[in-house]
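A short write-up of the structure that comes next.
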Amino acid sequence: MPPKTPGSSQSLKQGNLFSAGFFKKTPTSAGPGSSSPAAPSTATKKRDAIKPSNSSPLAPQSTDKQPNKQKSAPMSPLKEMADDDSDDDEENQQPKRQLKKRKPMVISSDEEEPQPAKRKLKKRKESNDDDFIDDGPIEMDEDIKDAPVEEESDDLIEEIDLEDIEKSKQAPKPKPAPKETPAKAARPSAAGRTPSGGNKSLLTKAERQVQQTKAAKKDAESPFMFLHPPYDKYQNPIGHPDYDPHTLHIPPKYWKEFSPFEKQFWEIKADHFDTILFFQKGKFYELYENDAIIGHREFDLKLTERVRMCMVGVPEMSFDFFAAKFLALGYKVGKVEQRETAIGMDMRQRADKKPAGGAKAGKSDDKLVRRELRSVLTNGTLVDPKMLADEAASHCVSIKETSSSINGNKPTFGLCILDASTGEFNLATFEDDKSRSKLETLIRQLRPKEIVHEKGNLDQLTLRVLRNITSISCLWTSLNSGKEGMDAIETITELKNLFNKDNEDADKVKLPDAIESLIENTEAIESLGNLMWYLRSLNLDRDLLSLGNFNIYDATREGQAMILDGRTLAHIEVLVNSEGGEDDTLLKLLNRCTTPFGKRLFRIWLCTPLRSSKAINERLNAVDDVISNTGFTQEFDSNVKGLPDLERLLSRIHAMSVRPKQFLQVLEAFNRLQQVFEKLEEEASEFKSQSLKATLKSIPDLREYISNIESKFDLTENDTLMPCDGADEAYEDAKKLNEDLEQELDEILERYKREFKIKTISYKDVGTKEIYSIEMPKKTSVPANWAKLSSTQKVDRYWSPEVRQLVQKVKEARETRASALNDFAKKLYAAFDEDYKTWIAAVKACAEIDCINSLAKSSINMEEPRCRPTIIEADEAIIDFDQLRHPSMALRRDFVANDVKLGGNDEGTMLLTGPNMAGKSTLLRMTAAAVIMAQIGCYVPAQSATIAPVDRIASRLGAYDNMFSNSSTFMVELAETSKIVNETTPKSLLILDELGRGTSTTQGIAIASAVTLDLHIQTSKPVIWLLK
2 MPPKTPGSSQ SLKQGNLFSA GFFKKTPTSA GPGSSSPAAP STATKKRDAI KPSNSSPLAP
62 QSTDKQPNKQ KSAPMSPLKE MADDDSDDDE ENQQPKRQLK KRKPMVISSD EEEPQPAKRK
122 LKKRKESNDD DFIDDGPIEM DEDIKDAPVE EESDDLIEEI DLEDIEKSKQ APKPKPAPKE
182 TPAKAARPSA AGRTPSGGNK SLLTKAERQV QQTKAAKKDA ESPFMFLHPP YDKYQNPIGH
242 PDYDPHTLHI PPKYWKEFSP FEKQFWEIKA DHFDTILFFQ KGKFYELYEN DAIIGHREFD
302 LKLTERVRMC MVGVPEMSFD FFAAKFLALG YKVGKVEQRE TAIGMDMRQR ADKKPAGGAK
362 AGKSDDKLVR RELRSVLTNG TLVDPKMLAD EAASHCVSIK ETSSSINGNK PTFGLCILDA
422 STGEFNLATF EDDKSRSKLE TLIRQLRPKE IVHEKGNLDQ LTLRVLRNIT SISCLWTSLN
482 SGKEGMDAIE TITELKNLFN KDNEDADKVK LPDAIESLIE NTEAIESLGN LMWYLRSLNL
542 DRDLLSLGNF NIYDATREGQ AMILDGRTLA HIEVLVNSEG GEDDTLLKLL NRCTTPFGKR
602 LFRIWLCTPL RSSKAINERL NAVDDVISNT GFTQEFDSNV KGLPDLERLL SRIHAMSVRP
662 KQFLQVLEAF NRLQQVFEKL EEEASEFKSQ SLKATLKSIP DLREYISNIE SKFDLTENDT
722 LMPCDGADEA YEDAKKLNED LEQELDEILE RYKREFKIKT ISYKDVGTKE IYSIEMPKKT
782 SVPANWAKLS STQKVDRYWS PEVRQLVQKV KEARETRASA LNDFAKKLYA AFDEDYKTWI
842 AAVKACAEID CINSLAKSSI NMEEPRCRPT IIEADEAIID FDQLRHPSMA LRRDFVANDV
902 KLGGNDEGTM LLTGPNMAGK STLLRMTAAA VIMAQIGCYV PAQSATIAPV DRIASRLGAY
962 DNMFSNSSTF MVELAETSKI VNETTPKSLL ILDELGRGTS TTQGIAIASA VTLDLHIQTS
1022 KPVIWLLK
């Protein structure tokens, strides 16, 4: 027999059978590739048929000459595995040893490439206990995990599990076919597995058919056939125009067959079919059925079976990690929490019993740990700071569109903008032009993570514009019109019910000012109603709406700030560069804020620069004061660095979903803010800026509010919020009950020490279940009614009957105490939230100081030459820069500075010509960027700068078409130019790049000349115009 080589492709068992001498392996007539047991099978060559004979080398040696002798029983798998572990050298020395049991072999002449062996998962023991708490994902059997994977082989010999064949014989047999010779046997099934999950087998065609029939029958008997295929709650199939992917229809007959836990699961899943549901089970979160399959497919979580449901599980501490991973792939994530422990469930069941007589006939659901859907997370409605990627706002925008022939079919939009992390709602409404320029400006400023709209409500052009400017990761949620969402009347009714805290008459209920101002605007109110309905489906409506943080959002703030439309924000690269990132943008260059809420405010400042010369000069004065007093910046940065995101945590405290440790961090942060405000007020006593002094003086004194909250609780080692003595009656009662039970247990222990005359007897807690176990020295004689729990080398642990009863009471008392502590924490959060306006005012003041500080740091760190711009008041825009450089390229020594003089005593039009790569487009962009920097209150990279405030920057740069709106390059160019001509004023800055490039040269020159005449001569607009 040839020796076994390392490159052999034999399977583990098969190789051991040959090496042990059970069968001799001879070369076939196929060719040299099959002359050795280590030679692999060749797909392009076919094996010659193996002719059976009484002396065949593939037949067992012990039965060559005894065909009529009764065959021995097949070898058991355990015996076979034992033989596998034997030493190879030993096997080679005893090639002819006989075994009492062996498995019959099947010979086939047809070649089929075997598939790799599948990895087996240990099947979880079935249990009728639906609330069994898992210990974690099940590991694979070690013998399977370590076994080598089968590879392709020339050998057509494999084992058959006789037990499965016997089972298949019990099924109705088809009409017997003529007996075939072994050479004409059926082709083996390399991928065949026994129904019991046994090893891979080489089966005949009839046996494979039996297994396939069993598998098909098993699939047909799936307990959840309503998933194949699924229908929505309106019984619409997938692909129907009105199909609702959020819901699932479960026929009534299945509800009768569900176990209590299955009923609990499907009640929630039926309303959130498109959501990955994490079910809390003790210290784990588990996913079931389709969710489990998705978790296994996407993240290779170990898939196991739980009674009738497939399942994957993750530890409780890993929920945030896996939820973020699912959200990153675009899934919705639901969190189903336990509202009670197993002990709490037992206490509830006893409390539900009848006061007299036996227990009442309770429902099976009452025997289950109660769970409820805490929240559903999406990318646009994340509220937990830990799950948010950065400090940037995460917006969810609800859009409602109408159009009427009265206004020339111009669209009217109503929007409700939600930042769920801070609980802030912003309402907006406006009439837009046909190119949706205002909507584009708003969306580019917000960069929403999710858009909510009604099916069929948005115009096709609106949809094209939105999809063109939103990111790929933006989640689109559509509501079925008439079935989902709320109209204006329903919305106002719901809001009045929400804010009716004193049970007043509905007409007397006071709504937030922002809602009152738009109560007659149907589009804005209906967009709010749709968002309210959506938040209710996510279980977030109460937490966010009850905060009452409603404002009006004006994307352009006409009359108050410079207007930067969506095109200009993109062309000048204010927020995002041409590649979709933030590198070399004005936001990245100037935003040096220290706090998260300061960074969000600075973004708003950058999108809406100041327009009043007085306001600009006042802000520049504040920046100068901070620059001249370096101690102010150092004091502020050192104290606020590392502060938590207070703006977001305040909304979490209002929702009572904050952890005790986070609540303590909030109190500590406000203590630090109070100290830094006092120091900054001293530093700013000599400042010239009145606005900065006013901001510091407007901050309320937080010491009284903080001391009021801190006087209500004490701390323990685990940062648990403990009520002060006498502060909470329920906690005091639970605490006294615990102390009485512990004292009684101590008295019992002392009695046992006297009775057994052993002073070393003590109590030992083993985990959270086996508490107060009595430790006795080994070989100590104890009463027969004592229950032994565990033991070590030196002691045994018991429960006596009286200790067992007291232990159960102690567990219940501790559960009562934990419930009292939880209720006390909620009362403490509610007391803190009563002063929400005071806390948020301090946060906003800190954010404003942080933005001023950021402008000062950006100004002082700018390379020379730099200067404070001189802001003058004039009836037209005036721009005068000496030695101006682009702020992103100011550090380059080879950059050529330029003088830009437009308006006033200079010409109002600048015409730029020159070769490619001469820097013409750079001059256009750096002029606009410098004007924005000056009007937000920052220094500019120039030798000197004089500016009369600009009310709008309008740009027309680059050549591009818009296939989403069916517009060619020339059409886009004309539409943007028409908008510029119609909307600009004498105080506007226009930037035009190669006007007329989308058509022929002669037509382009004609268009450029006509626009020039209209802007500069005929309309007498002293518009600043840079023409490339």
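If you count the sequence shown from 1, position 828 lands on 829 in the numbering used here, and the numbers rise without skipping.
Every residue, glycine too, gets a C-beta built ideally from N, C-alpha and C.
- Residue burial is scored here from C-beta neighbours: GLN281 has at least 16 other C-beta atoms within 10 angstroms and is therefore classed as buried.
- Secondary-structure assignment with DSSP links HIS572 through no beta bridge to anything.
- The DSSP assignment places 647 to 655, 661 to 684 and 691 to 699 as complete runs of the alpha helix (DSSP H) inside the stretch 640 to 703, in order along the chain (cut-off: 4 residues).
- Looking at the DSSP output, TRP800 shares a beta bridge with ALA788.
- ASN531 and ASP243 have their C-alpha atoms spaced approximately 18 Å apart.
- Bridge pairing for HIS454: SER479 [DSSP].
- Here the alpha carbon of ALA943 sits roughly 40 Å from the alpha carbon of CYS397.
- Of the other Cβ atoms in all chains shown, 16 or more fall within 10 Å of the Cβ of TYR773; this residue is therefore buried.
- Here VAL308 carries a coil assignment [DSSP, helix/strand/coil].
- Counting only the Cα atoms, ILE933 lies some 13 Å from LEU590.
- The stretch 818 to 825 makes contact with the stretch 729 to 747: 3 or more CB pairs, one atom from each, lie closer than 8 Å.
- Assignment of beta-bridge partners to TYR286 by DSSP yields GLN281 and VAL315.
- For TYR764, the enclosing beta strand (DSSP E) starts and ends at 763 to 767.
- Judged by beta-carbon spacing, LEU1016 lies beyond the 8 Å limit of VAL973, meaning their Cβ atoms are not closer than that value.
- Within the same chain, and ignoring the five residues on either side of GLU441 in sequence, the residues whose Cβ sits closer than 7 Å to its Cβ are VAL466, ILE470 and GLY567.
- ASP646 and PRO386 have their alpha carbons spaced roughly 8 Å apart.
- The distance from the Cβ of LEU668 to that of ASP720 is about 12 Å, inconsistent with a contact at the 8 Å cut-off.
- Beyond the five residues adjoining it in sequence on each side, ASN550 comes within less than 7 Å, by CB distance, of GLY424, GLU425 and PHE426 in the same chain, given in chain order.
- For ALA821, the three-state secondary structure derived from DSSP is helix.
- Scanning its chain for C-beta atoms nearer than 8 Å, with the 5 sequence neighbours on each side dropped, one finds no residue around THR1003.
- Taking the C-beta atoms as reference points, ALA515 is found nearer than 8 Å to ILE553.
- With three or more CB-CB distances shorter than 8 Å, the stretch 272 to 280 counts as touching the stretch 246 to 256.
- Boundaries of the alpha helix (DSSP H) around PHE322: 320 to 329.
- In the three-state scheme derived from DSSP, where H, G and I count as helix and E and B as strand, GLU521 is classed as coil.
- Using a 10 angstroms sphere on the CB of GLU683, the tally of other CB atoms stays under 16, which defines it as exposed.
- Leaving aside the five residues that flank LEU459 on each side, the residues in its chain whose CB is nearer than 8 Å to its CB run, in chain order, ILE400, GLU402 and LEU467.
- Setting aside the 5 residues that flank it on each side, ASP836 is surrounded in the same chain by TYR706, each with a C-beta closer than 7 Å to its C-beta; the list follows chain order.
- Residue burial is scored here from C-beta neighbours: GLN446 has at least 16 other C-beta atoms within 10 angstroms and is therefore classed as buried.
- Just measuring C-alpha positions, the residue of SER260, GLN744, PRO778 and GLY904 sitting nearest LYS760 is PRO778.
- Judged by their CB atoms, GLY331 and TYR286 are not nearer to each other than the 8 Å cut-off.
- Only residues of its own chain outside the window of five on either side were considered, and among them CYS725 have a CB closer than 8 Å to the CB of SER712, listed in chain order.
- If you draw a straight line from the Cα of PRO253 to the Cα of PRO261, it comes to about 15 Å.
- In the assembly as shown, PHE637 is a buried residue. Its beta-carbon has 16 or more other beta-carbons within 10 Å.
- When rounded, the separation of the alpha-carbon atoms in GLU485 and ARG537 is 11 Å.
- Per DSSP, the beta-bridge partners of PRO238 are TYR232.
- Leaving aside the five residues that flank ALA848 on each side, the residues in its chain whose CB is nearer than 6 Å to its CB run, in chain order, PHE598, GLY599 and LEU602.
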